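Under UniProt numbering, think of the first position of the sequence shown as 1, with each following residue one higher.
Beta carbons are placed, not taken as given, at the ideal position from N, Cα and C, and that holds for glycine.
Nothing here was measured: the structure is a model prediction, and the numbers come from that model.
Beneath this line is the structure, given in structure tokens, with notes to follow.
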Amino acid sequence: WREARRVPRGRTCATMATRATRGATSTATSAATTPLERELEQAKGGTHPRIVAEEKRLTQQKTGLQAKADQMRKYRLSIVEAQFESERRAAEEVFARDKGIVQNRLIEECIDRQKRHSKVDKSEQSAVTRKMRQLRGEVPPPAKGASKRDAKTGSTPAIPLRQGEVEEDFETMSGDVAKYAPNLDIDLELEVAPNKRLRPVESVRPSVRLDGPPPTGTGKRKRGDFDFKGKSRAEVSGARITVWYEEEDKNNRKMDVPYIGIVKSCDPREGLYVQFESYEDQEMLITNEDDWRWGSHSGGRKPPERTFQR
Numbered sequence: 001w002r003e004a005r006r007v008p009r010g011r012t013c014a015t016m017a018t019r020a021t022r023g024a025t026s027t028a029t030s031a032a033t034t035p036l037e038r039e040l041e042q043a044k045g046g047t048h049p050r051i052v053a054e055e056k057r058l059t060q061q062k063t064g065l066q067a068k069a070d071q072m073r074k075y076r077l078s079i080v081e082a083q084f085e086s087e088r089r090a091a092e093e094v095f096a097r098d099k100g101i102v103q104n105r106l107i108e109e110c111i112d113r114q115k116r117h118s119k120v121d122k123s124e125q126s127a128v129t130r131k132m133r134q135l136r137g138e139v140p141p142p143a144k145g146a147s148k149r150d151a152k153t154g155s156t157p158a159i160p161l162r163q164g165e166v167e168e169d170f171e172t173m174s175g176d177v178a179k180y181a182p183n184l185d186i187d188l189e190l191e192v193a194p195n196k197r198l199r200p201v202e203s204v205r206p207s208v209r210l211d212g213p214p215p216t217g218t219g220k221r222k223r224g225d226f227d228f229k230g231k232s233r234a235e236v237s238g239a240r241i242t243v244w245y246e247e248e249d250k251n252n253r254k255m256d257v258p259y260i261g262i263v264k265s266c267d268p269r270e271g272l273y274v275q276f277e278s279y280e281d282q283e284m285l286i287t288n289e290d291d292w293r294w295g296s297h298s299g300g301r302k303p304p305e306r307t308f309q310r
């Protein structure tokens, strides 16, 4: 009976030992989960409150830095764009200026070539122009009072020029100008310049008689020989000359008006081709019948002719 009672008691001890072991294990587990360990686990897992707060602060700081970097990028891009626009405008201005210089130089060269060609072509019209200048002097002068220049007019009968011949000559010259120099502005209309107003158109004697043998004798100078008044033919070109024309003032009083010009060329038989200061686009023929002196004489009394003789 005593032995039979021991077995249950042994089992009871084993059960009690098991319960004691379980209690010790639970006590050890509860002791292992201390606050520091929990913070460590939260730190490792990234759920610690301090980590969350710092992460939020760092996120805001990163956002602010990114915004500043974006603003800096835009600011620097705007500076670069402004510099680019400035350089582009400067390059366009330089290009336009150089292009204008080249274009103007080319235009001037073309105009110079046209002028040279027109001078060459003008030689073809010199015969017609010279003939017209001679014919203009063959019209008889209108009646007027006696003057110094009237005494110099010749007695050779003048050959009347028909109006149709003048129109035909001007039509021919206009056609030649339009053909050889279309870009030149040349007016070939029949106009009377102010320095030709009230000026008698004097007759021109031919150097050779048309109705008989040439005159003989050496007492007087021939009509065809122009009087250069003391200057040689080489000194005439480019010399200044003053020509007096008889005109009327507001009170219808006749007076001699001086016109100053420059001699462009000369012909021993015809006279001087003079370009006046007020009419630079045309030349006039000065003959022995004209009242002229060498030099510039704009006002005062007319100098005597003998002072210009050698």
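The straight-line gap separating the alpha-carbon atoms of residue 96 and residue 102 is approximately 10 Å. Excluding the 5 residues flanking it on each side, residue 42 has same chain C-beta neighbours closer than 6 Å at 48, in chain order.
Residue 235 and residue 292 have their C-alpha atoms some 16 Å from each other. A distance below 7 Å between beta-carbons, with the five flanking residues on each side excluded, links residue 228 to the following residues of its chain, in chain order: 236. With a threshold of 16 other beta carbon atoms within 10 Å, residue 84 falls short and is exposed. When the alpha-carbon of residue 295 is set against those of 282, 241, 262 and 279, the nearest one is in 241. In this chain, the beta strand (DSSP E) harbouring residue 293 covers 291–294. Of the other Cβ atoms in all chains shown, 16 or more fall within 10 Å of the Cβ of residue 287; this residue is therefore buried. Between the beta-carbon of residue 258 and that of residue 298 there is about 6 Å, and that keeps the pair under the 8 Å contact cut.
Beta bridge pairing from DSSP links residue 266 with 272. Residue nearest to residue 233 within the set 172, 249, 245 and 263 is 263 (criterion: CA-CA distance).
For residue 233, there is no enclosing beta strand (DSSP E); the residue is part of the alpha helix (DSSP H) that begins and ends at 233–236.
Counting C-beta atoms within 10 angstroms of its own C-beta, residue 248 has fewer than 16 neighbours from the protein chains shown and is therefore classed as exposed. Shown here, residue 253 sits in coil according to DSSP, grouped into three states, outside any helix or strand.
CA-CA distance, residue 274 to residue 266, rounds to 9 Å.
Residue 41: member of the alpha helix (DSSP H) spanning 35–45, first to last residue.
Rounded to the nearest angstrom, the Cβ distance from residue 226 to residue 283 is 16 Å, too far for a contact under 8 Å.
Residue pairing for residue 284: DSSP places it in a beta bridge opposite 274. As the crow flies, the alpha-carbon of residue 243 is around 17 Å from that of residue 230.
Nearest C-alpha to residue 260 among 245, 252 and 176: 245. Burial state of residue 281 is exposed, judged by a 10 Å Cβ sphere holding fewer than 16 other Cβ atoms. Taking the CA atoms as reference points, residue 303 sits about 45 Å from residue 182. By the neighbour-count definition (other C-beta atoms within 10 Å, threshold 16), residue 289 is a buried residue.
Assigned with DSSP and collapsed to three states, residue 261 falls in strand.
For the pair residue 180 and residue 118, the CB atoms are nearer than the 8 Å cut-off. For residue 276, the closest of 251, 239 and 254 by C-alpha to C-alpha distance is 239. Inter-residue distance for residue 63 and residue 35 is about 35 Å (C-alpha atoms, whole angstroms).
Linking residue 250 to residue 173 through their CA atoms gives a straight-line distance of about 37 Å.
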